[in-house]
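Data block below; observations after.
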Amino acid sequence: MPAPLSSPACARALLVWYHRKKRDLPWRREPSAYHTLVSELMLQQTVVAAVVPYFERFTTRFPTLQALAAAREEDVLALWSGLGYYSRARHLHRTARLVVHQLGGALPSNEEDLRQLPGVGAYTAAALAAIAFSRRTLPVDGNVARVLARILGERRPIDRPAVRAGLRLQGEKLVPAQRPGDFAQAMMELGALCCLPRQPRCPQCPVARFCRARAQGATGSIPLRAKRPARRRIHLACVAVRRRGRLLLVRRPAKTLLAGTWVLPLQELRAGEAATRAARRALAGLGLRVEGSLRPVGNLRHVFTHRDARASVFSAHARGRIEIPDARWVRADELASLPLSTFGRKMIAIAQRVAIV
DNA sequence: AAACCGGGGTC
DNA sequence: GACCCAGGTTT
Numbered sequence: 001m002p003a004p005l006s007s008p009a010c011a012r013a014l015l016v017w018y019h020r021k022k023r024d025l026p027w028r029r030e031p032s033a034y035h036t037l038v039s040e041l042m043l044q045q046t047v048v049a050a051v052v053p054y055f056e057r058f059t060t061r062f063p064t065l066q067a068l069a070a071a072r073e074e075d076v077l078a079l080w081s082g083l084g085y086y087s088r089a090r091h092l093h094r095t096a097r098l099v100v101h102q103l104g105g106a107l108p109s110n111e112e113d114l115r116q117l118p119g120v121g122a123y124t125a126a127a128l129a130a131i132a133f134s135r136r137t138l139p140v141d142g143n144v145a146r147v148l149a150r151i152l153g154e155r156r157p158i159d160r161p162a163v164r165a166g167l168r169l170q171g172e173k174l175v176p177a178q179r180p181g182d183f184a185q186a187m188m189e190l191g192a193l194c195c196l197p198r199q200p201r202c203p204q205c206p207v208a209r210f211c212r213a214r215a216q217g218a219t220g221s222i223p224l225r226a227k228r229p230a231r232r233r234i235h236l237a238c239v240a241v242r243r244r245g246r247l248l249l250v251r252r253p254a255k256t257l258l259a260g261t262w263v264l265p266l267q268e269l270r271a272g273e274a275a276t277r278a279a280r281r282a283l284a285g286l287g288l289r290v291e292g293s294l295r296p297v298g299n300l301r302h303v304f305t306h307r308d309a310r311a312s313v314f315s316a317h318a319r320g321r322i323e324i325p326d327a328r329w330v331r332a333d334e335l336a337s338l339p340l341s342t343f344g345r346k347m348i349a350i351a352q353r354v355a356i357v
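The opening position of the first sequence corresponds to residue 1 in this note's numbering, with each subsequent residue numbered one higher.
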């Protein structure tokens, strides 16, 4: 039988381990509420290693909430280029403006008010309340859910909302009155360094003696996750059009894939449609007429969480005036300051290989 | 409850 | 290639 969880010994053992083993992360150096906010938004569904360089660049460019509020959205998105889930950047920017212009410049300090901010859901509100404002609450992310499921011996799928809620309810009982923020980070750190998804390192775990999954020899089957649907395959055609050394780019509309980022003009192939025809539609939608033939210049594949995208890239000459505002002719040296996705970069890289005619 | 929204680390 | 990650919003 595992040791009883009700004793404060579990939290104490975890905190001792945390202070000895915690990683030196940039947002732990000057743990202001602003730095916590930026890091939490960046870390949503994103591994720590991927976030570190983005956090450094972002907070250097926007050192304060006020500086961020004063920035253009385009510049905020540009610093997010390649990190993914671009709505997070817009939400962070909107939150900064809302706090500076309507809340007097200070973030709310309680969970309920934090929850009202754009991009701040149940997890992030709890994380900010605990870490930045020392509130006794427990943010339950993927790591913490796994740790709790194992400690508590939860055998139902942890990605179900009702199960997640139960884990949180039980988990909050473990939070000590002192240093709830360290406890939250310690739970996450345990999940990241010790209570690993596939091969947990139980011999070095500070709370192994409290763990039901460990006692039952079930760390391999806990946690359980519901099956996720297969990703759908989509075929796209995109076109590189140049004028006077500039490349034509369009901005993805709001509420679509890669919203707000710049890509080559593109269209999804309809059932049975040839790629060249879809490519012509992409330009016709901008008010351009293709002159001569489309030249195939490459193919690329890009896998998203829910889409497996394959794209054919063409080059073409086109006449006519652009009819929509979210399109522009871009010089090569302007690319660095534009919000681009990794997918967009791949297409542009292929387009750049084509000789300028 | 389920779908949508990126990208990459890691085994 | 599969799995997972300091999730939120919309439907």
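Using N, Cα and C, we set each Cβ at its ideal position, and we do this for glycine too.
So residue i and residue j are supposed to be a Cβ contact under 8 angstroms. How far apart are they, rounded?
i	j	result
PHE343	ALA3	Not confirmed; about 50 angstroms, so no contact.
PHE62	SER39	Rounded, the Cβ-Cβ distance is 13 angstroms, inconsistent with contact.
LEU264	LEU288	Actually they are not in contact, since the Cβ atoms of LEU264 and LEU288 sit about 13 angstroms apart, beyond 8 angstroms.
HIS93	GLU73	6 angstroms
VAL313	LEU247	Actually they do not touch by this definition, with Cβ atoms about 12 angstroms apart.
ALA213	ARG150	4 angstroms
ALA226	LEU283	Their Cβ separation, rounded to whole angstroms, is 43 angstroms, which puts ALA226 and LEU283 out of contact at 8 angstroms.
VAL241	ALA316	6 angstroms
For residue i, I'd like the list of residues in its chain whose CB is within less than 6 angstroms of its CB, leaving aside the five on either flank, ordered along the chain.
i	result
SER81	PRO339, LEU340
GLU172	LEU138
PRO108	LEU114
ALA355	Residue placement at ALA355 cannot be trusted, given a pLDDT of 49 that sits under 50; what the coordinates show is reported in the next sentence. Excluding positions up to five away in sequence, the list is empty.
Is residue i buried or exposed, if buried means 16 or more other CB atoms sit within 10 Å of its CB?
i	result
MET1	exposed
ILE324	exposed
SER7	exposed
GLY217	exposed
HIS101	exposed
ALA332	exposed
PRO180	buried
GLN267	buried
SER87	exposed
GLU30	exposed
Rounding to the nearest angstrom, what Cα-Cα distance links residue i and residue j in this structure?
i	j	result
LEU103	THR59	21 angstroms
ALA9	ALA89	40 angstroms
MET414	ALA125	Nothing in the structure corresponds to residue 414, since the chain is present only between 1 and 357.
GLY105	ARG353	47 angstroms
ALA279	LEU41	36 angstroms
LEU152	ALA336	48 angstroms
ALA254	LEU14	44 angstroms
LYS21	ARG201	14 angstroms
ASP326	ASN299	25 angstroms
ALA185	GLY142	Note that residue 185 is Gln in the sequence shown here, rather than Ala. Taking the straight line from one Cα to the other gives about 13 angstroms.
GLY166	HIS235	42 angstroms
PHE115	LEU68	The question names Phe, yet the displayed sequence has Arg at residue 115. The alpha-carbon atoms of ARG115 and LEU68 are separated by roughly 20 angstroms.
ARG155	ALA162	13 angstroms
PRO118	THR95	6 angstroms
ALA208	ARG198	16 angstroms
VAL99	VAL47	27 angstroms
ALA275	LEU43	37 angstroms
Leaving out five residues before and five after residue i in sequence, what residues of the same chain have Cβ atoms less than 8 angstroms from its Cβ?
i	result
ARG164	VAL140, ALA145, ILE158
VAL52	LEU25, PRO26
THR305	ARG231
Below 7 angstroms, is the gap between the Cβ of residue i and the nearest heavy atom of the ligand MN?
i	result
ARG331	Looking for the ligand MN in the displayed structure turns up nothing, as the structure carries no ligands at all.
Excluding sequence positions up to five away, which residues of its chain have a Cβ less than 7 angstroms from the Cβ of residue i?
i	result
LEU174	LEU5, CYS10, ALA11
VAL357	Note that VAL357 scores a pLDDT of 41, beneath 50, so its modelled location is shaky; the value from the coordinates is reported in the next line. Closer than 7 angstroms at the Cβ level, and outside the excluded window around VAL357, lies no residue.
THR36	TRP27, LEU128, ILE131, ALA132
Residue ranges of each alpha helix (DSSP H) run of no fewer than 4 residues wholly in the region 61-139, ordered along the chain? 65-70, 73-80, 87-102, 111-114, 122-133, all fully within the region 61-139.
Please give me, in chain order, every unbroken run of the beta strand (DSSP E) with length at least 3 that falls completely inside the region 248-324. Runs of beta strand (DSSP E) with 3 or more residues, each lying fully within the region 248-324, are found at 266-268, 289-303, 307-319, listed in chain order.
Only counting runs of 4 or more residues, tell me where the alpha helix (DSSP H) segments fall wholly within the region 150-182, in order along the chain. Counting only runs of 4 or more, we get 161-172.
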